[in-house]
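Data first, discussion second: the structure below is written as structure tokens.
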Amino acid sequence: MSLVHNFPFISILLCMSAGIFTSVFKPRVARMVTFLVTGTVLVLSAMALSLTMSLDDSYPYMMGHFPAPWGNEIRIGRLEALMATGFSAVLLVSLIPGFERMPGFVSEKKSNLYCIMVDLALAAVLVLIYTNDLFTVYVFIEIMTIASCALVAVRQNGHTLVAITRYMIMHLFGSGLLLLGISMLYGITGHLLMVPLSEAVRQIVDSGQYLGPLTVVIALITAALAIKSAMFPFHVWAPDTYAFAPPLSSAILSGIISKAYIFVMVKFFYRVIGMDIIISQQISPFLFVCGVAGMIIGSVIAISQRDIRRMIAYSSVAQIGYIYMGLGMGSAAGTEAAMFQMLAHAAVKSLLFLATYELINVSGDRKRFRYLHGAGYRNIPAGIVFTVAAMSMVGIPFTGGFIVKLNLAIAGMAFGGWMRALVLVALAVSTLLNGIYFLHTVVSIYRKPAQDMVYPPSEKMSPSAAGALFVSMLYILYLGIGSEPIMRLIETGLKTFS
Amino acid sequence: MEGLLLLVAILLPAIGSLMVVFMPWLNERREERCFFVGVIMVLECIVVLLIALDAERTLVLFEMTKQLPIALRSDGTSRVFSAVMALMWTISGFYSFSYMKHEQNEKSYYAFYLMTLASLMALTLSGTMVTMYLFFEMMTFISMPMVLHSRTKEAVAAGIKYLIYSVAGATMGLLGIFMLTPNIASPYFVEGGSLLVEQLNLPHTAFQVILLVTLIGFGTKAGMFPMHGWLPTAHPVAPSPASAVLSGVITKAGVLCIFRMIFYVIGPDYLRGTWVQWTLLSCATITVFMGSMLALREKVLKKRLAYSSVSQVSYVLCGVFILDTMALDGALLQMVFHALTKDALFLCAGAIILQAGVTRVDEMHNLGKSMPWTMWMFTICAISLVGIPPLGGFIAKWYIAEGALITSTPVFSWLVPVVLLISAMLTAAYLLPPSVSSFFGGMAQGEAAAIAYEKKDPPLMMMIPITILTLAILLLGIFPGFMIEVFTSLANTLF
Amino acid sequence: MILILAIILPIVTGVLLPVMRLKARARNLYMMVCTLLTSVLVAIALTGDFTQLELISLNKKLSISLHLDDLGKVFSAVIALLWPLTLLYALSYMKDAVNQTSFFTFFQMSYGVTLGIAMSANLLTLYIFYELMTLSTLPLVLHSGSAKSVKAGLKYLYYSLGGSAFAFIGLVYLVYFGGGTDFLPGGLFVGVGSQHTVQLQLGYLLCFLGFGVKAAIFPVHGWLPTAAVAPTPVTALLHAVAVVKSGVFAIIRVTYFSFGTSVLEGSYAQYVSLALSAFTIVFGSAMALKERHLKRRLAYSTVANLSYILFGALLMIAQGLYAGLMHLVFHALMKITLFLVVGVFNRRAHAYYIEDVRGIAKALPVLAVVFVIGSLAMTGIPPLIGFVSKWSLAEAAILSGGLLPLLGVSALLISAVLTGIYLIVPAVTMYTRPPVIPAPQKVESGFYVTLLVLSAMIIALSFYSAPLLDFLYQTALGAI
């Protein structure tokens, strides 16, 4: 067991301690610490990833001296390490422009509170990625929910408060369902650690006893995670929350945190229950249909939006739909495609929110489209970055979005009949719809504004923020061109996932 | 180079036309220009006569693609048609030297006049279907400016109508050319046709439909029903010498194309007895009848003559469609005589308009008193057109009618003569009264208004061409032997 | 190597243009030099024989690669020939316009992208460049920034995106059933046979409709007439030559080199696509007749003429492809001439409608003659070039037999008549009616040079086209 083996655990520990200590730091120091911690996590995860690439299988890691099933255990494999690397990278790059604009949203006094929440959220994400037992899952989901809430509520205005209330109601409801599900599962199996749990589930399925309750459990947990990740039709809380939060919070929530919930769902399906049961109990077709519906309806509603932030928020709903469509196919290819979309979307969505904020900033802080005309000329880097991100959303080749579409389509081809047709048609229609609102926006930001439009001078974007946005953009382009190694990783990682 | 003469026949008027346009020294005085044009036309007639006396020659101009040569050939038909057309053109040309003094834009008129002659020569001398189509289209475009010469709204509208009908007709003809090309033995015209009937790559019915469409398409230029609509609008609106050649000569180009298609590509044997032949005969007979009826109703002189052309040219087509030697003889005779007659009639009409300001038949009273020579010519031509012996028109119609009777074509063998007879009566009805009233008319209406005109016979330059034509009608009517001989030998090669 | 250079050069020089902040003269010179250089590169490339050049490998089955085969050579040659001429024209046309830098940037970039389409070695590469073409030509349509041009640009965008979305599905079918997207003569399934024939035909049909957006097939042709609002160099080059011919080119590639005639011949996919193209031929011509705005009339004419090319190609025999390619080359030449003439009428004489060009021959005689030549050629009056391509199309149709090809021939002829009416009649009115608009402004020599060169090319090709036709025939044979 080399040093590198410990890195995942260390990264979790680092985040949590940073969270605690940040409460006493001054705001500037707090931000610096958060930044450094995220950077360190990125490095650690990357090294862990290279370690896992050299291993055949994922390895369990004991936390503390007590082995499972009495002590706690996390499991580290290629897929987990890849996700951790990806998410931490996105977070890191988002922090630079995000923090820069922070004074506009958060008062100085509260900004170290904000940093604490970011640290906690990151910690929770990492735990959820690596965890191997359900109890931890529940605890850290709760932590993540609260942290997210705080990330949004820190900006105190009417819209935000309404959004937060809706958010809390739905998420707490989801948490309740989750708790109920986990308790029931404990009740019928007697285990909380995932490995023994999966054996117990096997037994139940083979014997045929308690099959009903098992199905209910699966449904409850799935529904809970679906609510939390804004799957259609449980997405109702998402648009306002993403739209009215500070840009960095929207980036973190829609980009990273929602993916963590889905990752937990995948883990639950593969490691605890087993995909065959998920398919036979009609869970995955349900997810498939919801995914497709979300893809289409999310985009349709996005077209009608007047406020650019809400448009992007609804587009998140649509993009989450892609993930669920892939997951809902039930095949390995479909899940791999969904995983890729998770990575890609994390990057693109955070980039979008941040770039959009920059464009709004140079348009006198107004969000409606007609005020945004010409924003691409007022802030050239943000305009270019927004354009590339929009292209990825639509699925133009050379961007990550195209590879996502390609993978999903090929995964869908393996099925016959209605599922294949639905996948292909949904992808085609979704491309067109995305094009309608995203490329229209791109055209708008490069149009000449009306003659009488006056824009107050605004603070210029710092070079480091521009640089960070560019790095994100390069990452999206990289995903479009060099996705092959990542897909290999996902494929092999998924094999050793369960 | 073999066939050089053929190329000269085309290039001579073409170059002459270009010189009229681009050489300023030619246009300083109109006498010089007229002289030049006259010389060109006479030279052209000489060239054409040389071609007629020479042996058959072929000349390939260029190859559009390997399978589509654009070639000229002077076979029997070419010689006949080109001779007739060139002579008519020259005679009308001389008339126009005097007539056009009163119109604008003479330079463009002569330029297009000569260029149309060039394209007509090329059309008659064409050796393959595609060549014929090429020059057919070209001729449409080049002759159109003559129609809209006066640039009035009416003239321009008429020109455009002419254009559209002609292009539509040519396109219908093109359809046939497409269909026939893979089914014939040689792209060149072959006497008697070269259709490979056994190896047709289409079912016969479809093929025949297309043939029908093709022939109707080419019939547009000849004013055959149902594509006759342009003729009564276009012919009258042009200046009179142009109307003369439009009616007298260019309509024959349409006949030529049909002629070529039937006798040199498809072959009369394939069509004889088919519903295609009957449909064509119906169209032709309908046109004969309809043209005469409409002429009778029409009061404007030039329009009446135009409708008359519609009818008379379809006599030719009737003769052609009977698909028999004697009828074909008659058709060719009718072609010659109609060309001469209609040409002369239009020239007279032009003289009447110019000298007396009269455009309508009900204003022609007493004209004979002041313009005797003109009206005599008019009357002689009218009689010929009706078909009263011994004038030329009679022989032609006789041959057609007899030719129809001796064949075994159902219905049409008696219908054609009957329609011809009725049409003759109608022709008499629409041509003779104005003629008669001009000599024996009562009080002229609008005579006061006509005082401004010098009502006398037109100048010599206009009279001589008319007279030549009328004399030709008389002489050829009395001594048709030579023509009949030529036509019969031609017809014999085709069956 | 030359291939990638030919593509990259215009893109890079285009991107650099706004950065360099050149004054007008210097910028024009720069543009001319770069464009000519690219054309020279293409000319060099035409003479050589190339193996496939793989640029980027996405995974083991999919890569972005370039290759220049006979078909690609035909298309590249047409593009490389017409682009510098249009640039010359554009330099005069845009003389007093605003935002010239952004215009020329995207104009230049589009050149590279179009060459990319011509030189694609597989469907994925073609698809990528195809999408990029939409994006690089969009700003050109939007150029004037007026509400009308924004609407036109968005319409173009949505149609193109919709089309690519469907073409994408076809692409996926190809990847799944064919194991890759390479272009091979005869397609990926030749000799192999496939039990999924019906599926493949469906995939083909989706590709056809998808790429058919740019090829302006009914019912997805709607963007083309609206896009006529763009500046004329854009409409002429892009919407008569580059963009629409790319659509046709893509369909030809997909038909012969991806799915292959062995899969498609005699199938419902062929019938549907043939029927659609035959219908479009008549529809486009009829709509052109109805239209009084000159550029929109020409746009509808393009819609019809593109379907001539497709009709020939869809007959799935060598003669058909040969005829289609002939028309591809000839139509590009004729249509660009017509558009450019009309552009001068628009810009210097403010004549936008049929009624406006009456009598314009007095003031602009040379331009009227050019218009007449273009019109006669488009109608198919022999001996000009339009006739030969129409003839070959009819010949090929008759050769292939069957009801649908025959209907196609009738459609061709009806369209010819309509073309005569909607092009030649205005040409006639240019001479015969009294002028309607006041005297035009001075017409720069740049306009005349371009138009006279183009007219000369039309006339020259009418009489001497043997080597070109031979090459096209060889290309067609090689594709089966």
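As given, the protein sequences belong to chains A, B and C, one line each in that order. Numbering follows the numbering used here, with no gaps: position 36 of the first sequence is 36. One rule links them: number in the numbering used here = place in the second sequence (from 1) + 498. One rule links them: number in the numbering used here = place in the third sequence (from 1) + 993. A virtual CB, placed ideally from N, CA and C, is assigned to each residue, including glycine. All figures in this text were calculated on a predicted structure; none of them were measured in a lab.
field: Supposed contact pair C:Arg1246 and C:Phe1323 - C-beta distance, whole angstroms, cut 8 Å
entry: C:Phe1323 to C:Arg1246, Cβ: 20 Å. No contact.
query: Under three-state DSSP, which class holds A:Phe398?
result: coil
- prompt: Which residue from C:Gln1093, C:Pro1428 and C:Gly1163 puts its Cα closest to that of C:Leu1117?
  reply: C:Gly1163
- prompt: At least one CB of chain C closer than 7 Å to the CB of B:Thr669: is that the case?
  reply: Chain C contact via Cβ: present.
- request: Taking only beta-carbon positions, decide if C:Ile1245 is within less than 7 Å of chain B.
  value: no
- prompt: Taking the beta strand (DSSP E) that A:Glu484 falls in, what are its first and last residues?
  reply: It is not in any beta strand (DSSP E) - A:Glu484 instead sits in the alpha helix (DSSP H) that spans Ser483 to Lys495.
- prompt: Which runs of the beta strand (DSSP E) spanning at least 3 residues fall entirely within the segment 45–120 of chain A, listed in chain order?
  reply: 59–63 and 72–76
task: Would you mind stating whether C:Ala1387 and C:Leu1377 have Cβ atoms separated by less than 7 Å?
output: no
- request: Would you please verify whether the beta carbon of A:Lys495 is less than 7 Å from any beta carbon of chain C?
  value: no
- prompt: How should C:Met994 be labelled, buried or exposed, when 16 other C-beta atoms within 10 angstroms of its C-beta is the threshold for buried?
  reply: exposed
Option nearest B:Ile764 by Cα separation, candidates B:Leu504, B:Gly574, B:Met627 and B:Pro957: B:Met627
message: Which residue wins for smallest C-alpha separation from C:Lys1288, given the options C:Ile1310, C:Ala1243 and C:His1343?
response: C:His1343
Residues near B:Ala950 by beta carbon distance below 8 Å, same chain, minus five either side: Any reading at B:Ala950 must be qualified, since the residue scores a pLDDT of 48, below 50, and its modelled position is unreliable; no value is offered.
query: What did DSSP end up calling A:Leu13 once you bin it into helix, strand or coil?
result: A:Leu13: helix per DSSP, three-state reduction.
query: When DSSP labels each residue in this structure, what does A:Met231 get in the three-state scheme?
result: For A:Met231, the three-state secondary structure derived from DSSP is coil.
- prompt: Taking just the CA atoms, how far does C:Leu1154 sit from B:Met619?
  reply: 56 Å
message: Determine whether the beta carbon atoms of C:Ala1453 and C:Leu1314 lie at a separation below 7 Å.
response: no
message: For C:Leu1061, report the span of its beta strand (DSSP E) as first-last.
response: From DSSP, C:Leu1061 is part of no beta strand (DSSP E); its letter is neither H nor E.
task: With 7 Å as the threshold, decide whether the Cβ of C:Gly1007 is near any Cβ in chain A.
output: no
task: Would you please state the rounded distance, in angstroms, between the beta carbons of B:Pro956 and B:Met862? I believe it to be under 8 Å.
output: Cβ-Cβ separation between B:Pro956 and B:Met862: approximately 15 Å, too far for a contact (criterion under 8 Å).
query: By Cβ distance, which residues of its chain are closer than 6 Å to A:Arg310, with the 5 residues on each side in sequence left out?
result: The answer, listed in chain order, is Pro239 and Ala243.
message: Restricting to runs no shorter than 4 residues, where is the alpha helix (DSSP H) found entirely within the segment 361–449 of chain A?
response: 375–378, 380–394, 400–413, 417–434 and 440–445
Neighbouring residues, chain C, relative to B:Leu672 (Cβ below 7 Å): Going along chain C in sequence order, the residues near B:Leu672 (Cβ under 7 Å) are Leu1406.
task: Find the residues of chain C that neighbour B:Pro680, judging by a C-beta separation of less than 8 Å, and give them in chain order.
output: Glu1388, Ile1391 and Leu1392
task: Figure out for me which residue from B:Ser921, B:Thr650, B:Met562 and B:Glu500 has the closest Cα to the Cα of B:Leu794.
output: B:Ser921
task: Give the secondary structure of C:Ile1210 by DSSP, where H, G and I count as helix, E and B as strand, and everything else as coil.
output: coil
- request: Throw me the rounded Cβ distance for the A:Leu179 and A:Tyr138 pair, which I believe falls under 8 Å.
  value: 6 Å
message: If you reduce the DSSP assignment to three classes, tell me which class B:Pro567 lands in.
response: strand
task: Assuming C:Gly1336 and C:Ser1300 form a contact by the criterion Cβ under 8 Å, report the distance between their Cβ atoms to the nearest whole angstrom.
output: About 24 Å; that fails the 8 Å criterion.
- prompt: Closer than 6 Å: is that where the CB of A:Ile146 sits relative to any heavy atom of the ligand ZN?
  reply: Among the ligands in the structure shown, none appear at all, so the ligand ZN cannot be discussed.
- prompt: Under a Cβ-count criterion, where at least 16 other Cβ atoms within 10 Å of its own Cβ denotes burial, should A:Asn434 be classed as buried or exposed?
  reply: Per the 10 Å Cβ criterion, buried.
message: A:Thr399 and A:Gly321 - do their beta-carbons sit closer together than 7 Å?
response: no
- prompt: Among C:Val1359, C:Phe1252, C:Ile1407 and C:Leu1331, which residue has its Cα nearest to the Cα of B:Val665?
  reply: Closest by alpha carbon: C:Ile1407.
- prompt: From C:Gly1373 to B:Ala668, what distance separates their C-alpha atoms?
  reply: 11 Å
message: What residue range does the alpha helix (DSSP H) around B:Lys689 cover?
response: It should be pointed out that residue 689 of chain B corresponds to Glu in this sequence rather than to Lys. That residue, B:Glu689, is in no alpha helix (DSSP H); it is neither H nor E in DSSP.
8 Å contact criterion, which C:Ala1145 and C:Thr1219 should meet: CB distance rounded: The beta-carbon separation of C:Ala1145 and C:Thr1219, rounded to 4 Å, stays under the 8 Å limit for a contact.
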